[in-house]
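**Student:** Residue numbers (our numbering): 21 to 232.
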Amino acid sequence: MLDPANNPQQVQSLDVGRRLRELRTLAGLSIRSLAEKSGLNFNTLSLIENNRSSPSVSTLQQLAGALQVPITAFFETATVQQEVVFQKHRQRPQSMFAHGLLEDLGAGLTLGNGLPLLLTLQPGADSGSETIVHTGQEFVFCLAGGLEYSIDGNEFHLSAGDSLLFQAHLPHRWGNRGTVDARFILVLCPADENDQLADRHFQPGLVKEPPG
Numbered sequence: 021m022l023d024p025a026n027n028p029q030q031v032q033s034l035d036v037g038r039r040l041r042e043l044r045t046l047a048g049l050s051i052r053s054l055a056e057k058s059g060l061n062f063n064t065l066s067l068i069e070n071n072r073s074s075p076s077v078s079t080l081q082q083l084a085g086a087l088q089v090p091i092t093a094f095f096e097t098a099t100v101q102q103e104v105v106f107q108k109h110r111q112r113p114q115s116m117f118a119h120g121l122l123e124d125l126g127a128g129l130t131l132g133n134g135l136p137l138l139l140t141l142q143p144g145a146d147s148g149s150e151t152i153v154h155t156g157q158e159f160v161f162c163l164a165g166g167l168e169y170s171i172d173g174n175e176f177h178l179s180a181g182d183s184l185l186f187q188a189h190l191p192h193r194w195g196n197r198g199t200v201d202a203r204f205i206l207v208l209c210p211a212d213e214n215d216q217l218a219d220r221h222f223q224p225g226l227v228k229e230p231p232g
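1. For ALA164, write down the residues that DSSP places opposite it in a beta bridge.
2. So for SER76, helix, strand or coil by DSSP?
3. Could you have a look at LEU65 and say whether DSSP puts it in helix, strand or coil?
4. Given a cut-off of 7 Å, decide if LEU190 and ILE171 are closer than it, judged by their beta-carbon atoms.
5. Mind checking who ASP172 pairs with in its DSSP beta bridge?
6. The alpha helix (DSSP H) with LEU54 in it runs from where to where?
7. Contact check, ASP182 vs CYS162 under 8 Å by CB: the rounded distance?
8. Taking the alpha-carbon positions, what's the LEU40 to VAL200 distance?
9. Let me know the secondary structure DSSP gives GLU42 once reduced to three states.
10. Have a look at LEU54 and LEU178 and give me their C-alpha separation to the nearest angstrom.
11. Taking the alpha carbon of THR155 as the reference point, which residue from LEU138, PHE176, GLN187, GLY166 has its own alpha carbon closest?
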């Protein structure tokens, strides 16, 4: 299971609350205005900005849509674009959410229109009941645990070492139905540079609360 206490002190622990406040201020919105645009509760936003509540990815997706920014904006830091990016293990930008961990593999260099992510999902986490559709292609490589992918009605079970590459206009969804954390690389590559792939992919309901 995920245990932030096991991360060494040099891990880049990002202040999502502070980033949310910065992005909201840049957009010229009050907390109440952002609550109305995102459909989230005023008190919830206040707790997140004050780092008293950890947002799920679905919550970040709603905020990203309201602020018109990619979801990765919440764990970006001011960095100079580089020609070569080398990331040491546990030293890349990361953001904890309710049932997992999202890590940015492309921090410091824009990968064209692509978005490379490293995700860790706890058992019971999934992409929600609605299927996902976006332009371009999607690549998945399972590193550990198991991951279930449904693509246009076809089911795929990925174990460590398995991969998927598919046209992303096919309706798809995914989840961790196992009993251990699933860890995988996800690369989203839209054909349309105006396609906000993160907003499309991380639909509300990405992280499902486990029963009980």
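Where is the CB? At the ideal position from N, CA and C, for every residue including glycine. Only a predicted model underlies this, so the values are computations on that prediction, with no experimental measurement involved.
**Tutor:** Walking through what the data contain:
1. For the purposes of this step, residue 164 is taken as residue 144 along the sequence shown, with counting starting at 1. Beta-bridge pairing links ALA164 to ARG203.
2. Position 56 of the sequence shown, counted from the start, is the residue given in the question as residue 76. Coil, per DSSP.
3. Numbered from its first residue, the sequence shown carries residue 65 at position 45. DSSP places LEU65 in helix when its eight states are reduced to three.
4. The residue you call residue 171 lines up with position 151 of the sequence shown. The residue you call residue 190 lines up with position 170 of the sequence shown. The answer is yes: Cβ separation under 7 Å.
5. Here the question's residue 172 lines up with position 152 in the sequence shown. According to DSSP, ASP172 bridges with nothing at all.
6. Translated into the one-based positions of the sequence shown, residue 54 becomes position 34. Its alpha helix (DSSP H) spans residues 51-58.
7. Within the sequence shown, residue 182 is the residue found at index 162, counting from 1. Within the sequence shown, residue 162 is the residue found at index 142, counting from 1. Going by Cβ atoms, the distance from ASP182 to CYS162 rounds to 5 Å, so yes, they are a contact pair.
8. For this step, residue 40 is matched to residue 20 along the sequence shown. For this step, residue 200 is matched to residue 180 along the sequence shown. Taking the straight line joining both Cα atoms gives about 31 Å.
9. Residue numbering aside, residue 42 sits at position 22 when the sequence shown is read from its first letter. Reduced to three states, the DSSP call for GLU42 is helix.
10. Locating residue 54 in the sequence shown gives position 34, counting from the first residue. Locating residue 178 in the sequence shown gives position 158, counting from the first residue. Going from the Cα of LEU54 to the Cα of LEU178 covers about 38 Å.
11. Along the sequence shown, one-based indexing puts residue 155 at 135. Here the closest residue by C-alpha is GLN187.
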